[in-house]
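J.: All letters in the sequence shown, in the order written, are residues 136 to 313 by our numbering. Structure below; questions to follow.
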Amino acid sequence: MSRINLITEATGERQQLLAQIHSAFGATPNMFKAVANSTAALKSMWGSFGALGSGVINAKLGEQIAVAIADRNDCEYCLAAHTVLGRKAGATAEEMSAAQAGQSADPKTAAALRFAVAVVNNRAQISDEEVSNLREVGYTDEEIVEILAHVALNLFTNYVNVAFKVPVDFPSVKLRAK
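Structural data, given as structure tokens:
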């Protein structure tokens, strides 16, 4: 049971935002219903999804980063949601499972996932080498900043779902044993 009210009825700007979210997903995921307790937080989260969705990092990599971060934070909600979204973005089940472990057969994707996991594991205390490794496989500074933005957004969503025990409304995916 959620520790916070899940908003199902809203007015004004909150209603407009929830309508956009409903339109994008075909339903309103519970996470957004929880965040809708604050219009400012909902605007921030939904705006970040929109901005990063039109960024230079493709949706598939964004979803792979999301499952890697979700697994590190024991966020069953985000792991389930982003596994579904990753499949819709063209990732195979095997690619999403590998990403959950912070791995990929593609060297460029693997570098991005290693970096994202290092940022989370080390609370952003990363080395020059970790940034250089991204450049060596072809990432630009714009892409590197977006990788970090994806990490930050996923920390926000993970913390919402874990802290408030938001009920998972996507097909369940098992967290890796640590």
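All C-beta atoms in this analysis are idealised placements derived from N, C-alpha and C, irrespective of residue type, glycine included.
Am I right that ASN289 and CYS213 are in contact with their C-beta atoms under 8 Å? What's the rounded C-beta distance?
T.: ASN289 to CYS213, Cβ: 7 Å. Contact.
J.: Out of ASN208, ASN172, GLN155, LEU248, state which residue places its alpha-carbon closest to the alpha-carbon of GLU198.
T.: The candidate whose alpha carbon is nearest that of GLU198 is LEU248.
J.: How about the region 150-164 and the region 248-262: do they share at least three Cβ pairs that are nearer than 8 Å?
T.: No: fewer than three Cβ pairs fall under 8 Å.
J.: Any contact between the region 207-222 and the region 300-309? By contact I mean 3 or more CB pairs, one from each, below 8 Å.
T.: They touch, by the three-pair rule.
J.: Give the straight-line distance between the Cα atoms of ALA236 and SER137, rounded to the nearest whole angstrom.
T.: ALA236 and SER137: Cα-Cα distance of roughly 27 Å.
J.: Find out if the Cβ-Cβ distance for the pair VAL252, ALA284 is shorter than 8 Å.
T.: No; because the gap between Cβ atoms is not below 8 Å, this pair is not in contact.
J.: For ALA226, which of ASN208, ALA201, ALA171, GLU211 has the nearest alpha-carbon?
T.: For ALA226, the nearest C-alpha among the options comes from ALA201.
J.: So, at 6 Å on beta carbons, what are the nonlocal neighbours of VAL320 in its own chain, with the 5 sequence-adjacent residues on each side left out?
T.: Residue 320 lies beyond the range of the chain shown here (136 to 313); nothing can be said about it.
J.: Which residues bound the alpha helix (DSSP H) around THR143?
T.: Note, THR143: premise wrong, no alpha helix (DSSP H); not H, not E.
J.: On the CB-based measure, 16 or more other CB atoms within 10 Å of its CB, does THR146 come out buried or exposed?
T.: THR146 is exposed by the Cβ-count criterion.
J.: If we ignore side chains and look at the alpha-carbon of each, how far apart do GLN150 and ARG207 end up?
T.: Answer to the nearest angstrom: the Cα atoms are 33 Å apart.
J.: Using a 10 Å radius around the Cβ and a threshold of 16 neighbouring Cβ atoms, would you call ALA240 buried or exposed?
T.: Its Cβ having fewer than 16 others within 10 Å, ALA240 is exposed.
J.: Please report how far the alpha carbon of ALA162 lies from the alpha carbon of GLY182, in whole angstroms.
T.: ALA162 and GLY182: Cα-Cα distance of roughly 18 Å.
J.: Is the beta carbon of ASN268 sitting closer than 8 Å to the one on ALA233?
T.: No, Cβ-Cβ distance for ASN268 and ALA233 is not below 8 Å.
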